[in-house]
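Undergrad:
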Amino acid sequence: MIGFLKLLSRNRLSLAGLVVITVVIFVALVTPLLPLTDPDVIDTKNRFKTPFTTDAFLGTDHLGRDLMSRLLWGTRLSLAVGFCAAFLAALIGSSIGIISGFYGKHVDNILMRGIDMLMAFPYILLALAIVAALGPGLFNALIAVAIVNIPFFARNIRGVTVGITHKEFIDAARLSGMTDTRIIITEVLPNVFPVIVIAMSTTVGWMILETAGLSFLGLGSQPPQADLGSMLGEARAALITSPYTSVVPGAMILIIVMAINLLGDGIRDALDPRLKSGVLSSPRPRTLVADYSKTKNLDASELLSVSNLKTQFHIGNRNYKAVDGVSIYAKKGACLGIIGESGSGKSVTALSIMGLVSSPPGIITEGYVNYKGIDLIQTNDQKLRSLRGGKISYIFQDPLSSLHPLYTVQQQLEEAILAHQNMSKEEVYQKCIELLKSVRIPNPKQRAKDYPHQLSGGMRQRVSIAMALANDPEVIIADEPTTALDVTVQAQILSLLRELTSQRGLAIIFITHDFGVVSQICDEVAVMYAGKIVEYGPSEMILNHPAHPYTSKLMECVPEIGKGKRKLASIDGLPPMVDRLDQGCAFAPRCQSAISECLTNDIKLRDVNRNMQVRCIKPKTHL
Numbered sequence: 046m047i048g049f050l051k052l053l054s055r056n057r058l059s060l061a062g063l064v065v066i067t068v069v070i071f072v073a074l075v076t077p078l079l080p081l082t083d084p085d086v087i088d089t090k091n092r093f094k095t096p097f098t099t100d101a102f103l104g105t106d107h108l109g110r111d112l113m114s115r116l117l118w119g120t121r122l123s124l125a126v127g128f129c130a131a132f133l134a135a136l137i138g139s140s141i142g143i144i145s146g147f148y149g150k151h152v153d154n155i156l157m158r159g160i161d162m163l164m165a166f167p168y169i170l171l172a173l174a175i176v177a178a179l180g181p182g183l184f185n186a187l188i189a190v191a192i193v194n195i196p197f198f199a200r201n202i203r204g205v206t207v208g209i210t211h212k213e214f215i216d217a218a219r220l221s222g223m224t225d226t227r228i229i230i231t232e233v234l235p236n237v238f239p240v241i242v243i244a245m246s247t248t249v250g251w252m253i254l255e256t257a258g259l260s261f262l263g264l265g266s267q268p269p270q271a272d273l274g275s276m277l278g279e280a281r282a283a284l285i286t287s288p289y290t291s292v293v294p295g296a297m298i299l300i301i302v303m304a305i306n307l308l309g310d311g312i313r314d315a316l317d318p319r320l321k322s323g324v325l326s327s328p329r330p331r332t333l334v335a336d337y338s339k340t341k342n343l344d345a346s347e348l349l350s351v352s353n354l355k356t357q358f359h360i361g362n363r364n365y366k367a368v369d370g371v372s373i374y375a376k377k378g379a380c381l382g383i384i385g386e387s388g389s390g391k392s393v394t395a396l397s398i399m400g401l402v403s404s405p406p407g408i409i410t411e412g413y414v415n416y417k418g419i420d421l422i423q424t425n426d427q428k429l430r431s432l433r434g435g436k437i438s439y440i441f442q443d444p445l446s447s448l449h450p451l452y453t454v455q456q457q458l459e460e461a462i463l464a465h466q467n468m469s470k471e472e473v474y475q476k477c478i479e480l481l482k483s484v485r486i487p488n489p490k491q492r493a494k495d496y497p498h499q500l501s502g503g504m505r506q507r508v509s510i511a512m513a514l515a516n517d518p519e520v521i522i523a524d525e526p527t528t529a530l531d532v533t534v535q536a537q538i539l540s541l542l543r544e545l546t547s548q549r550g551l552a553i554i555f556i557t558h559d560f561g562v563v564s565q566i567c568d569e570v571a572v573m574y575a576g577k578i579v580e581y582g583p584s585e586m587i588l589n590h591p592a593h594p595y596t597s598k599l600m601e602c603v604p605e606i607g608k609g610k611r612k613l614a615s616i617d618g619l620p621p622m623v624d625r626l627d628q629g630c631a632f633a634p635r636c637q638s639a640i641s642e643c644l645t646n647d648i649k650l651r652d653v654n655r656n657m658q659v660r661c662i663k664p665k666t667h668l
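Structure (structure tokens):
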């Protein structure tokens, strides 16, 4: 419950709605205990007393009845009717939706066609027809409002149930011998219950408003019984002469409906698991940067250097140190590979360089990224946008998700070019064709008219590379661009990148988990583990003579052609949780060579041999 309230408190308006509706409900509950006059007592000699007069704080109505008393009792009644109608509609509608979605076929057709018939009538006309058939009265108005809102619950819950019914855990429950009733109660209902709660929270206010509307027309609460709608209806005749008689109940309806709707929005977000990771928070144009002193006098001769970069994810009370003090250097005409297990921090490092880590929950807490004397971490948004896709480009892992499905290849290339260059339409078109040719796409004029889904995986990745080259960048960051490609296409992409590096003098930062890729394209390699670089140096040296135990184990996991049969090694244990890193080497619990100092000492990255750096107390002796 505490966690739910913390998530709810992130939305200030929802929290305000919770406070307001709590106060209103509390006052409604204690109304019988308050020293109020009888709301139905008529005193014509005191009719139309203005607010703030003696014995009439909010004044009196046309029959001399105390508006304060009638307001509190009317609020109590309106809330009770609204919540009861919401519960009844949710119970019946959700039951229909679950049964329809779970059984499908004929059951689904029969139930949903009945729901469609209810939805075919305008809701207000249907409510009026039901009240007319049953007779005026608050209870009949409650039934009418509930019936009108049943289709809303039935349709929403049915859609969710259909998606759940075909999941593997439902199949497993059936195979285990569970009855349909038990599956619905134990498996389906817990998964759809949050949706039911969200739907109720967003419709209670509307149902209170609908009930008030029926009472306003004289079809709900009957005299002398007071609810907010009937109070408004009775005050119509005195709207000009005594407007406060209408303002008082109208303002209460506004307060209740607004508070419930704001609270409903907060409940919807708080029950969404994505809120815990900050996905539903307002997006930022760049990664949030902690307030730390700006590094001065950066070396303008360096093409791209990263120094002591630290990026964290703040989720609830936990701080995940995804990148913890990374320092790397990108050199002109060379390729730097970053390698490690999944979750080691490779992609977060690359995204941090460009300021593309989602905030929240991501935040850069320390370090700098130097591009020719410009700190990309601390520079302004305008300057960063000019460099993104311009002098520093990014190739994402999955081109099908990074390319827009509704725009042609040509349109997306043109957008990338025009964002940084001022060119005519014909010049842009020629540039697009040249870019497609440069990445060896056959028949570029025809392919430029295609949509991403019409291209193969290799073709889409070539288009992504063409977009990265659109503005003649000096640095390209490639985040596992060959992961989903077959071996042949992968070789072609790697050959293309290597050729572009030598021809254009590009600096490439290549993210991968494949040592084979490292050997083909990378001049230097940085090995990452638990957010830190554990080994850094020339790729040839690291591939042939790994110094860190983690690098050695990774190399032993790679099969070798022509070496005969051998048992592939594995690394015992699991990578550590980066929100609970102990002092010392993070790899120590999995390392067979670990000593007591490895668990207690803060191990620095140190030079060992020929420009190689290792974060280890006992590196390989052959060095």
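In the numbering used here, the protein residues as written are 46 to 668.
In this text, a Cβ means the ideal position worked out from N, Cα and C, and glycines have one as well.
These numbers come from a predicted model, not from an experiment.
Any chance the region 138-148 sits against the region 102-114, with 3 or more Cβ pairs inside 8 Å?
TA: Put simply, the region 138-148 does not touch the region 102-114. Fewer than three CB pairs are less than 8 Å apart.
Undergrad: With H, G and I counted as helix, E and B as strand and the rest as coil, what does DSSP make of I554?
TA: strand
Undergrad: Is it a yes or a no for the region 291-306 touching the region 57-70, going by three-plus beta-carbon pairs under 8 Å?
TA: yes
Undergrad: Which of the three DSSP states is assigned to N364 in this structure?
TA: Strand.
Undergrad: Between V152 and the rest of its own chain, which residues show a CB-CB distance below 7 Å, the 5 nearest in sequence each way excluded?
TA: I144, S145
Undergrad: Between which two residues does the beta strand (DSSP E) harbouring I616 extend?
TA: Careful: I616 lies outside any beta strand (DSSP E) and carries neither H nor E.
Undergrad: Only counting runs of 4 or more residues, tell me where the alpha helix (DSSP H) segments fall wholly within the region 179-215, in order along the chain.
TA: 183-210
Undergrad: Tell me the residue span of the alpha helix (DSSP H) that contains V233.
TA: Looking at the DSSP string, V233 is not in any alpha helix (DSSP H), and its letter there is neither H nor E.
Undergrad: For P405 and V414, what's the separation of their Cα atoms in angstroms?
TA: 20 Å
Undergrad: For the structure I just gave you, are there three or more beta carbon pairs, one from the region 481-488 and one from the region 389-403, closer than 8 Å?
TA: At 8 Å Cβ cutoff, the stretches do not touch.
Undergrad: Is the region 581-597 in contact with the region 620-627, if contact means three or more CB pairs nearer than 8 Å?
TA: no
Undergrad: Take Q169 as the anchor and find which of T95, I648, L264 has the nearest alpha-carbon.
TA: Inspection of the sequence shows that residue 169 is occupied by Ile rather than by Gln. The option with the nearest alpha carbon to I169 is L264.
Undergrad: Name the two residues that bound the continuous alpha helix (DSSP H) containing M297.
TA: 289-315
Undergrad: Looking only at its chain, what residues have a beta carbon closer than 7 Å to the beta carbon of R635, apart from the 5 residues adjacent to it on each side?
TA: Spatial neighbours of R635 in its own chain (CB-CB distance under 7 Å, excluding positions within 5 residues in sequence) are listed in chain order as I616, D617, G618.
Undergrad: Could you give the DSSP three-state label for F358: helix, strand or coil?
TA: Here DSSP, grouped into helix, strand and coil, assigns F358 to strand.
Undergrad: Closer than 6 Å by C-beta to V240: which residues in its own chain qualify, once you throw out the five before and the five after it? Chain order, please.
TA: V205
Undergrad: Would you mind giving the Cβ-Cβ distance between I312 and V237, rounded to the nearest angstrom? I have them listed as a contact below 8 Å.
TA: 15 Å between Cβ atoms; not a contact.
Undergrad: Would you give the residue range spanned by the alpha helix (DSSP H) that I229 belongs to?
TA: Unbroken run through I229: none, as it is neither H nor E.
Undergrad: Residue range of the beta strand (DSSP E) that R505 falls in?
TA: Where R505 is concerned, there is no enclosing beta strand (DSSP E), although the alpha helix (DSSP H) it sits in stretches over 502-513.
Undergrad: Per DSSP, which residues does G573 bridge with? Please list them.
TA: As written in the sequence, residue 573 is Met, which differs from the Gly given in the question. When beta bridges are read from the DSSP output, M573 appears opposite I578.
Undergrad: By the 10 Å Cβ neighbour count, where 16 or more other Cβ atoms means buried, how is D106 classified, buried or exposed?
TA: buried
Undergrad: Could you tell me which uninterrupted alpha helix (DSSP H) segments, each at least 4 residues in length, are contained entirely in the region 406-494, listed from first to last along the chain?
TA: 426-432, 444-447, 454-463, 470-483, 489-492
Undergrad: Can you give me the Cβ contacts of I521 inside the same chain, cut-off strictly under 7 Å, excluding the 5 residues immediately before and after it?
TA: S438, I440, A513, L551, I553
Undergrad: If you reduce the DSSP assignment to three classes, tell me which class S404 lands in.
TA: coil
Undergrad: Determine the DSSP secondary structure at I373, reduced to helix, strand or coil.
TA: strand
Undergrad: Can you check the region 104-181 for any alpha helix (DSSP H) of at least 4 residues that lies completely inside it and give the ranges in chain order?
TA: 112-148, 150-164, 168-179
Undergrad: May I ask you to report which of helix, strand or coil DSSP gives T82?
TA: coil
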